[in-house]
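Data first, discussion second: the structure below is written as C-alpha cells.
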Amino acid sequence: MSKKPDPTHIDDDAPEWSAEDFKTAKRLSDMPADFQQAIRRARGPQKSPRKVQTAVRYDVDILEAFKAEGPGWQTRMNDALRDWLRSHHRA
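Mapping the sequence shown onto the working numbering, position 36 (from 1) lands on 36, and the numbers just tick up by one.
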C-alpha cells in the first residue's frame, strides 16, 4: 500500500507560483483535446483475481481492532479471512 504524500514537503523542482504565473495560466479545458487526453491518466484494467464490493456486518470490537492498526486494515482483514480459509479448507 502506498503512503500518502507529505503535504508539508516542499518540492524544489516545482517552485511556488507567482501572481504572474496565475495570470498567464491556462485551464486544461482550454487546451487541445488531444493534449487533454494525453495527460489524463486512466486507471488500467484490474489485475486478476478481481475483488468485489459487498456489504458485511462485523462486531464493533473486531472492526475497531483492525482499524486501530491504521491504513491497510481492509487488506489485513482480507488476509486474515484467507488464512482462515487455508486452515479450514475441506478437500
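All C-beta atoms, glycine included, are put in the ideal place defined by N, C-alpha and C.
As the structure is a computational prediction, the values presented were derived from the model and not from experiment.
Reference residue i; option with closest CA among the options
i	options	result
K4	G70, T24, P45 and A38	G70
I62	T54, W73 and Q53	W73
V52	N78, A19 and D12	N78
Near the ligand COA: residue i beta-carbon under 6 Å from a heavy atom
i	result
N78	Among the components modelled here there is no ligand, and therefore nothing to report on the ligand COA.
Under 7 Å between C-beta atoms of residue i and residue j
i	j	result
F66	R50	no
L28	Q36	yes
Same chain, Cβ closer than 7 Å to residue i, five either side skipped, listed in chain order
i	result
D34	none
Neighbourhood of residue i by C-beta distance below 8 Å, restricted to the same chain and skipping five residues each side
i	result
D30	none
Residue ranges of each beta strand (DSSP E) within the stretch 11–83, 3 or longer:
With a minimum length of 3 residues, no continuous beta strand (DSSP E) run stays inside the stretch 11–83.
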